[in-house]
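Student:
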Amino acid sequence: MSIPLVPQLLRSHLRELADNDQRLDSRAQFEGRDVDVEVGILANAEGSARVRMGDTIVLAGVKFQTMTPYPDRPNEGGLMCMAEVRPVSGRQHEAGPPSAESIELSRVVDRGIRESGCIDTSDLCIIPGEKAWQVILDLFAVSDDGNLFDAFALAGITALRNATIPQEKFELGEDRPLVVSKTPIMCSYQRVGGRFIFDANGREELGGDERIHITLGDDNHVHSLQKGLKGAFTAAEFTELMEEARKKGEELRNMVHALEGGN
Amino acid sequence: MSIPLVPQLLRSHLRELADNDQRLDSRAQFEGRDVDVEVGILANAEGSARVRMGDTIVLAGVKFQTMTPYPDRPNEGGLMCMAEVRPVSGRQHEAGPPSAESIELSRVVDRGIRESGCIDTSDLCIIPGEKAWQVILDLFAVSDDGNLFDAFALAGITALRNATIPQEKFELGEDRPLVVSKTPIMCSYQRVGGRFIFDANGREELGGDERIHITLGDDNHVHSLQKGLKGAFTAAEFTELMEEARKKGEELRNMVHALEGGN
Amino acid sequence: MSIPLVPQLLRSHLRELADNDQRLDSRAQFEGRDVDVEVGILANAEGSARVRMGDTIVLAGVKFQTMTPYPDRPNEGGLMCMAEVRPVSGRQHEAGPPSAESIELSRVVDRGIRESGCIDTSDLCIIPGEKAWQVILDLFAVSDDGNLFDAFALAGITALRNATIPQEKFELGEDRPLVVSKTPIMCSYQRVGGRFIFDANGREELGGDERIHITLGDDNHVHSLQKGLKGAFTAAEFTELMEEARKKGEELRNMVHALEGGN
Amino acid sequence: MGYGDVEMIDANGIRNDGRKAGDVRPISIELGVVPVADGSCRMRWGTNDVIAAIYGPMEAHPRKIQRQDRAVLDVRYNMAPFSTSDRIRPGFNRRSREISKVTAEALESVVMLELYPRSKIRVEIEIICAEAGTRCVGLTAASVALAHAGIPMTDLVVSVASGKINDVVVCDLNKAEDNYGEADLPMGVLPNTGELVFLQMDGDLSPEEFQEAWDYNMNAAMVIHEYCVEALKTGRYPQ
Amino acid sequence: MGYGDVEMIDANGIRNDGRKAGDVRPISIELGVVPVADGSCRMRWGTNDVIAAIYGPMEAHPRKIQRQDRAVLDVRYNMAPFSTSDRIRPGFNRRSREISKVTAEALESVVMLELYPRSKIRVEIEIICAEAGTRCVGLTAASVALAHAGIPMTDLVVSVASGKINDVVVCDLNKAEDNYGEADLPMGVLPNTGELVFLQMDGDLSPEEFQEAWDYNMNAAMVIHEYCVEALKTGRYPQ
Amino acid sequence: MGYGDVEMIDANGIRNDGRKAGDVRPISIELGVVPVADGSCRMRWGTNDVIAAIYGPMEAHPRKIQRQDRAVLDVRYNMAPFSTSDRIRPGFNRRSREISKVTAEALESVVMLELYPRSKIRVEIEIICAEAGTRCVGLTAASVALAHAGIPMTDLVVSVASGKINDVVVCDLNKAEDNYGEADLPMGVLPNTGELVFLQMDGDLSPEEFQEAWDYNMNAAMVIHEYCVEALKTGRYPQ
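Residue numbers (this note's numbering), protein chains in the order written: chain S, 5 to 267; chain B, 5 to 267; chain H, 5 to 267; chain D, 11 to 249; chain L, 11 to 249; chain C, 11 to 249.
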């Protein structure tokens with residue numbers, strides 16, 4: 005664990021900026037960085053996406069394995085979501101076993117996708133009680149300049165929506181697209197300089213306080229929430245963030261759908 | 005590993021007390037602390053007990069799993085005994101993988117129960133060569149004020165003697181009691197202030213030397229011995245401890261049996 | 005990781021010696037230490053050897069297990085080679101998980117044997133697709149005074165060539181010798197004092213630079229190469245080492261074969 | 011999410027354990043249950059049985075974990091092997107790591123860490139018997155144990171999870187409701203300000219359902235807060 | 011080593027991907043692909059896709075890894091879980107440990123470590139998509155990334171693997187050739203001196219075949235070196 | 011504990027390997043078998059083959075393991091993978107951890123640790139070939155190796171295990187007797203005082219049987235002590 009020495013100065017600066025409704029990179033309070041999404045970029049994955057938001061870059065790759073269904077769910081396959089934040093992605097990320105941070109990241113992204121019900125696990129059954137598809141979504145950070153949560157969630161759902169079940173390779177018939185019926189979108193907010201902002205970059209994360217991660221489905225239903233880091237927030241603050249997440253979620257969802265039209 | 009700085013003073017004090025045939029808490033040399041045993045205290049375990057000896061508190065829980073019998077013993081199930089000394093139970097217990105101390109604790113308690121032959125592993129067979137019951141005894145320290153060995157052993161045998169094989173849950177017929185034909189009892193002695201005492205508390209352990217753990221069966225046969233920590237003892241000392249263990253063992257064994265009468 | 009403080013002095017001394025075509029123990033540049041090989045020295049192994057080269061002593065033991073063949077090679081068994089450099093073998097070897105050094109050692113010795121094709125894995129098949137022999141070669145360092153690579157490789161091939169498949173113990177017919185059709189030999193060279201020498205001892209390793217490990221087969225074909233440690237070498241240097249390895253390899257191969265005649 | 015013929019709530023809005031939609035399960039609290047600790051609390055809540063123990067403030071070891079300007083909270087949430095229907099293998103566990111992290115962050119929001127520079131406070135949460143909502147019971151018990159240890163805090167943290175079952179929003183899910191339910195919203199509330207320091211959710215809640223679950227949690231937190239205050243005064247609740 | 015009916019090279023000496031025996035696969039290089047790093051390089055080589063990133067020189071932690079007279083190189087070679095046909099489980103891996111070690115030792119031979127006593131330079135090599143020869147691509151990309159980070163070096167390291175297939179020696183094995191081939195000889199060359207800092211080999215090569223493969227590697231290294239120099243001038247190759 | 015038709019002792023009290031009840035298996039001892047160590051001993055005992063090596067006293071690293079007033083003994087008991095009929099996987103092992111602990115505690119009782127404050131003495135015990143009683147062979151060999159390394163001790167430790175087979179108490183169990191026997195009593199004796207520094211037991215022994223096994227161990231220890239003294243004088247036993 006490295007002890008950052010600068011944060012007090014950074015925090016003061018962020019506080020001043022916030023008091024004037026400004027941010028380090030001139031964005032508005034709830035303005036995200038430019039988002040660039042590419043699909044099908046990994047030759048050995050059955051579905052993939054690269055997301056770039058400012059200097060944050062992540063990859064998502066989908067692989068399929070066969071599994072034995074769980075005894076209590078003989079007609080269902082499974083979904084597994086693993087996020088890795090390896091040392092390649094930033095000076096602060098040291099080598100070693102998964103940190104609590106990366107475990108939280110995996111699990112929050114996983115819950116957002118899983119709980120939206122976008123993947124019908126009964127569609128993954130091959131032989132009831134014997135064999136089913138396990139979908140494995142691997143999220144990989146290339147460059148971490150803040151807000152890996154949203155980048156991972158966006159790359160993840162995009163890669164899934166572009167994935168093909170490799171039935172031929174397993175001698176199980178013709179390849180077919182993985183059916184993904186919804187497009188859950190995560191929007192993350194962090195308290196910086198006393199107020200919540202959207203899409204914090206690396207410096208804002210370093211000098212910020214608590215984070216709130218909201219995953220909403222196509223119909224604005226809530227599928228996953230998570231509060232992280234030290235700090236307390238009010239019901240009024242939360243209500244505002246939910247409203248913002250609905251707007252931003254729709255915008256990003258449309259972007260994901262537009263990419264598919266273009267395929 | 006923390007380096008205790010006080011022990012030299014503590015050791016001197018314990019030596020003075022011993023020279024006057026006294027102990028820190030006014031007990032006699034071979035006097036144990038009050039023992040309180042409760043059974044059936046864990047709703048999700050198939051057998052359980054809580055033992056309190058002074059400020060030492062432990063829990064024992066029995067669970068059952070099905071296993072494939074070992075090839076060389078196709079008609080037998082198994083017994084596994086695991087002791088955990090987690091950080092909850094004392095300032096000196098740090099988080100981390102099992103320490104050599106807790107491994108020794110597990111194995112010595114396990115041997116005392118196993119070697120007494122109190123559990124007939126052939127009674128645990130379900131389908132020869134295919135399926136058998138594995139009895140798992142988990143020992144959990146809530147508060148460690150010394151002599152976890154005896155507390156674990158007592159809680160363990162009590163929980164086993166009150167355990168039910170959950171046959172219904174596994175669709176294997178009606179529930180039935182686990183047959184435990186004996187009541188092995190462990191008595192532990194530690195050299196403190198130069199002489200051996202029974203049931204050392206936390207301060208006595210901190211300022212003490214070698215320990216001797218004796219597990220005796222219903223018929224006073226020896227089933228398990230263990231000498232722990234630095235120190236040498238004489239045959240005469242050992243003979244006296246064996247005699248004491250026979251007396252104390254009978255007393256505790258009667259207590260365990262009395263609890264069952266009351267059920 | 006311990007930081008050796010002496011090496012600068014040692015390096016100067018080695019440089020001076022090299023400038024006069026001398027070595028610490030009076031050997032010539034490409035002269036190895038006396039080699040002593042014993043076979044059949046481990047009562048519980050199905051093949052074994054002890055190699056002593058100066059104060060470097062190693063053991064090799066061969067064990068057999070049954071395995072399920074890999075789906076893509078249903079008619080083949082397997083070979084596994086594991087080297088352990090435990091703390092017993094030297095002051096510098098600390099306890100802990102396998103170091104990068106011992107992993108490299110295992111893998112380089114393994115490749116030399118495996119790639120020579122000396123073991124016909126299809127001869128290890130018991131029931132196609134169901135059961136095959138796995139040969140496990142365990143290399144164990146007793147005393148490390150340098151050049152464990154060559155000592156392990158020599159002990160390894162010797163133990164394999166003296167191994168018996170324990171078919172009776174597994175109720176699979178009569179015991180039969182493991183067929184090993186070739187005798188790959190590794191020769192290792194290290195730059196010490198600016199020039200390459202053969203069979204570096206512990207002090208030469210401590211004050212040396214890059215190493216080159218060459219494994220040659222019966223017909224002087226190359227089966228494995230590895231360059232280790234910091235340093236650069238020229239094509240001319242390498243050509244000389246290959247020539248030396250051919251000569252030395254033949255000498256050691258003859259020694260291995262002579263041992264078998266004597267059995 | 012299918013739960014077949016299981017009837018979780020009857021026509022009169024009565025749940026499978028006899029509670030009404032907004033009711034909390036029976037709760038009892040006992041302090042000092044780990045005599046060797048600096049503070050401790052046992053909380054039984056439904057058939058949940060949870061122990062929280064506090065050690066410290068003490069010197070933080072090794073030195074690299076020390077903070078110059080505050081104490082560090084070292085929080086561990088753990089389920090005992092016999093705490094659930096299927097035995098839990100001891101050892102590393104991704105779920106426990108995540109719950110430990112968010113629990114620590116919730117408690118850091120109220121403990122006055124700046125009073126103890128360079129030191130460490132250990133918070134040990136052990137789930138002895140699990141029904142549903144163990145993370146909420148653990149967080150609440152930990153905040154009571156911290157108070158019992160005399161560690162200065164700006165407020166207690168009271169945590170409870172409401173959710174949705176059979177399309178009905180209900181308070182404080184029990185085991186069956188958690189297994190067959192459609193959503194789970196655990197929150198950690200500061201009773202004095204109504205602020206939140208802990209929030210998770212998974213499942214499916216419409217905006218209206220979400221608000222309903224939120225309100226149940228807020229109300230329940232105030233009730234449970236009374237129990238905690240009572241226990242801190244007298245050593246146990248109920249008397 | 012049997013490869014049945016697979017025809018790897020036709021009667022005219024044309025390989026399964028259209029190359030002649032001495033040809034290298036198509037290569038492209040891009041710098042700065044990890045914006046938060048001090049230097050970085052993406053190398054696509056056939057369908058290999060590899061990222062190398064440099065962090066440092068920075069203070070070496072913990073102190074016991076510091077060297078008084080030079081920097082330490084902390085090199086990690088890793089294959090991403092989705093980089094191969096069968097998913098790779100993250101975590102400890104003996105193959106990766108060995109490749110990391112020999113890659114580090116190759117780079118230590120050219121980086122002027124003595125300029126940065128007590129510090130650490132991190133070299134992160136991530137295989138995003140693997141075809142064959144990933145260790146060579148990784149080593150070459152790492153040396154370019156070090157140059158991009160402005161770390162003084164005596165030379166670049168250019169690495170390539172030739173081998174034998176159908177008893178024919180060929181340059182820069184592709185996936186099928188690596189799977190069905192009879193030998194693989196990866197080398198790491200210093201283009202300015204022709205010296206080697208990296209060498210591995212497995213399989214079966216006669217002395218003559220060995221020389222042929224060696225020469226292919228040397229020639230290919232000179233060609234690839236040109237690409238690297240071009241990329242370092244303009245940020246990418248080809249333009 | 012059943013052993014079917016296996017006849018372990020015949021009507022004349024002769025055991026399956028020809029020994030009488032009170033006999034010890036053949037023993038040989040050789041010093042200096044690990045030339046790079048500060049002291050070492052190989053002990054063959056029946057078909058057991060055990061090596062013990064000593065390194066130190068040396069500076070204790072890391073500093074937190076140092077003791078101001080004495081040396082620490084770092085003892086490892088390990089079984090080589092090829093030491094038993096079924097191969098043993100290298101790595102963490104609960105049995106080895108326990109034996110290492112009790113062996114260390116036995117040796118700490120005789121090594122004059124207070125002569126070497128802040129230092130560490132490493133004791134490495136490797137079971138190369140295991141028959142039965144390896145912990146006893148290892149402990150005895152380690153005490154001889156410590157003497158060979160010139161580490162001051164108040165006494166040697168001689169260890170041996172008697173037990174019960176076919177309801178007969180016998181000395182120094184061999185492999186078959188250990189597998190089919192009813193009890194095992196390993197003891198570690200100080201030959202000069204008759205005190206014990208090591209004691210374990212499992213199985214079933216009546217008070218009378220226990221005393222008989224104890225006496226066998228005491229007598230055997232005195233005999234084996236002679237062998238050790240002889241080896242320390244001349245470098246080996248027998249000559």
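Glycine included, C-beta positions come from ideal geometry on N, C-alpha and C.
So what does D:R99 bridge to, in DSSP terms?
Tutor: Working through the fourth sequence from its first residue, we reach residue 99 of chain D at position 89. None, per the DSSP bridge assignment.
Student: Going straight from the alpha carbon of L:A63 to that of S:H217, what length do you get?
Tutor: For this step, residue 63 of chain L is matched to residue 53 along the fifth sequence. For this step, residue 217 of chain S is matched to residue 213 along the first sequence. Taking the straight line from one Cα to the other gives about 30 Å.
Student: Measuring CB atoms only, is the region 76–84 of chain C touching the region 116–124 of chain C, in the sense that at least three cross pairs come out at less than 8 Å?
Tutor: Segments in contact, yes.
Student: With burial defined as no fewer than 16 other Cβ atoms inside 10 Å of the residue's Cβ, what is the status of S:I107: buried or exposed?
Tutor: Locating residue 107 of chain S in the first sequence gives position 103, counting from the first residue. S:I107 should be labelled buried.
Student: Hey, does H:M5 have any beta-carbon neighbour from chain L nearer than 9 Å?
Tutor: As a working mapping, residue 5 of chain H is identified with position 1 in the third sequence. In this prediction, H:M5 has a pLDDT of 34, which is less than 50 and means its spatial position is unreliable; what the coordinates show is noted afterwards. With 9 Å as the cut-off, H:M5 counts as an interface residue toward chain L.
Student: Kindly indicate which three-state DSSP category S:S103 falls into: helix, strand or coil?
Tutor: One-based indexing of the first sequence puts residue 103 of chain S at position 99. Of the three classes helix, strand and coil, the one that applies to S:S103 here is coil, per DSSP.
Student: Within 9 Å (strictly less), CB to CB, does D:L171 reach chain S?
Tutor: The residue given as residue 171 of chain D occupies position 161 in the fourth sequence. At residue 171 of chain D the sequence reads Ala, which differs from the Leu that was named. Not one chain S Cβ lies under 9 Å of D:A171.
Student: Using the DSSP secondary-structure output, state which residues sit across from B:S126 in a beta bridge.
Tutor: As a working mapping, residue 126 of chain B is identified with position 122 in the second sequence. BP columns for B:S126 are empty, so no partner.
Student: Can you have a look at S:T243 and say buried or exposed, based on whether 16 or more other CB atoms are within 10 angstroms of its CB?
Tutor: Taking the first residue of the first sequence as 1, we reach residue 243 of chain S at position 239. Counting Cβ neighbours within 10 Å, S:T243 comes out exposed, since fewer than 16 surround it.
Student: Going by DSSP, what residue range makes up the alpha helix (DSSP H) through H:F2?
Tutor: In the structure as shown, chain H begins at 5 and stops at 267. Residue 2 of chain H is therefore absent and cannot be evaluated.
Student: Could you pull out every residue in the same chain whose Cβ sits closer than 6 Å to the Cβ of S:D154, ignoring the five residues on either side in sequence?
Tutor: Here residue 154 of chain S refers to the residue found at position 150 of the first sequence. So the qualifying residues of the chain are M190, S192.
Student: Does DSSP put H:G121 in a helix, a strand or coil?
Tutor: Walking along the third sequence from the start, residue 121 of chain H turns up at place 117. If DSSP states are grouped into helix, strand and coil, H:G121 belongs with coil.
Student: On the three-pair Cβ rule with 8 Å, is the region 33–49 of chain D touching the region 31–46 of chain C?
Tutor: Judged by Cβ distances under 8 Å, the region 33–49 of chain D makes no contact with the region 31–46 of chain C, as fewer than three pairs qualify.
Student: What does H:A236 reach in chain L if we use C-beta pairs closer than 7 Å?
Tutor: For this step, residue 236 of chain H is matched to residue 232 along the third sequence. Neighbours of H:A236 on chain L, chain order: S119, L200, E205, L206, V207.
Student: Looking at C-beta atoms only, is the number of pairs between the region 213–228 of chain B and the region 112–123 of chain B that lie closer than 8 Å three or more?
Tutor: In short, these stretches touch, since the Cβ pair count reaches three.
Student: In the DSSP assignment, what residue or residues form a beta bridge with B:G51?
Tutor: Taking the first residue of the second sequence as position 1, residue 51 of chain B is located at position 47. BP columns for B:G51 point to B:V66.
Student: Could you name the residues of chain B that D:V112 contacts, counting a contact when the two beta carbons are closer than 8 Å?
Tutor: Taking the first residue of the fourth sequence as position 1, residue 112 of chain D is located at position 102. Under the 8 Å cutoff, chain B gives no residues; its nearest Cβ is about 18 Å from D:V112.
Student: I want to see whether chain S comes within less than 9 Å of L:M68, judged by CB atoms only; does it?
Tutor: For the purposes of this step, residue 68 of chain L is taken as the residue at position 58 of the fifth sequence. Yes - at least one Cβ of chain S is within 9 Å of the one on L:M68.
Student: Which runs of the beta strand (DSSP E), 3 residues or longer, sit entirely within the region 50–114 of chain L?
Tutor: Those beta strand (DSSP E) runs which fall completely within the region 50–114 of chain L and span 3+ residues are 58–69, 82–89.
Student: In this structure, does DSSP put D:Q221 in helix, strand or coil?
Tutor: The residue you call residue 221 of chain D lines up with position 211 of the fourth sequence. Correct three-state label for D:Q221: helix.
Student: Output yes if chain H places a C-beta closer than 9 Å to the C-beta of L:W309; else output no.
Tutor: In the structure as shown, chain L begins at 11 and stops at 249. Residue 309 of chain L is therefore absent and cannot be evaluated.
Student: Since H:T60 sits in a beta bridge, which residues does DSSP pair it with?
Tutor: Translated into the one-based positions of the third sequence, residue 60 of chain H becomes position 56. Bridge partners of H:T60: H:M57.
Student: Using DSSP with H/G/I as helix, E/B as strand and the rest coil, what is L:L209?
Tutor: Here residue 209 of chain L corresponds to residue number 199 of the fifth sequence, with the count starting at 1. If DSSP states are grouped into helix, strand and coil, L:L209 belongs with the strands.
Student: Rounded to whole angstroms, how far is the Cβ of H:G65 from the Cβ of C:F208, which I believe are closer than 8 Å?
Tutor: Locating residue 65 of chain H in the third sequence gives position 61, where the first residue counts as 1. Locating residue 208 of chain C in the sixth sequence gives position 198, where the first residue counts as 1. Not quite, the Cβ-Cβ distance comes to about 29 Å (not below 8 Å), so this is no contact.
Student: Using a Cβ-Cβ distance under 9 Å, would S:Q230 count as near chain D?
Tutor: The sequence position of residue 230 of chain S within the first sequence is 226, counting from 1. Closer than 9 Å to some Cβ of chain D, the Cβ of S:Q230 qualifies, so yes.
Student: Report, in whole angstroms, the separation of the C-beta atoms of H:A159 and H:V62, which I expect to be a contact under 8 Å.
Tutor: Translated into positions along the third sequence, residue 159 of chain H becomes position 155. Translated into positions along the third sequence, residue 62 of chain H becomes position 58. Contact flag correct, Cβ pair sits at about 5 Å.
Student: Within its chain, find whatever has a CB closer than 8 Å to the CB of D:E118; leave out the 5 residues flanking it on each side and keep chain order.
Tutor: Here residue 118 of chain D refers to the residue found at position 108 when the fourth sequence is read from its first residue. Closer than 8 Å at Cβ, skipping near neighbours: L83.
Student: Name, in chain order, the residues that DSSP records as bridge partners for S:K135.
Tutor: Numbered from 1 along the first sequence, position 131 holds the residue referred to as residue 135 of chain S. In the DSSP output, where bridge partners are listed per residue, S:K135 has S:I131.
Student: Per DSSP, what kind of secondary structure is B:K231 in: helix, strand or coil?
Tutor: Against the second sequence, residue 231 of chain B aligns to sequence position 227. Three-state DSSP puts B:K231 in a strand.
Student: Any beta-carbon of chain B closer than 9 Å to the one on C:A251?
Tutor: Summary: the structure shown does not reach residue 251 of chain C, with chain C confined to residues 11 through 249, and so no result is reported for it.
Student: For H:A145, which three-state DSSP category applies?
Tutor: As a working mapping, residue 145 of chain H is identified with position 141 in the third sequence. Looking at H:A145 - three-state DSSP - the assignment turns out to be strand.
Student: The region 118–143 of chain D: which residues have C-beta closer than 7 Å to a C-beta of chain S, in chain order?
Tutor: Correct list: E118, S119.
Student: My output table needs one value for B:G116: the three-state DSSP class, helix, strand or coil.
Tutor: In the second sequence, counting from the first residue as 1, residue 116 of chain B sits at position 112. The answer is helix: DSSP assigns B:G116 an H, G or I state.
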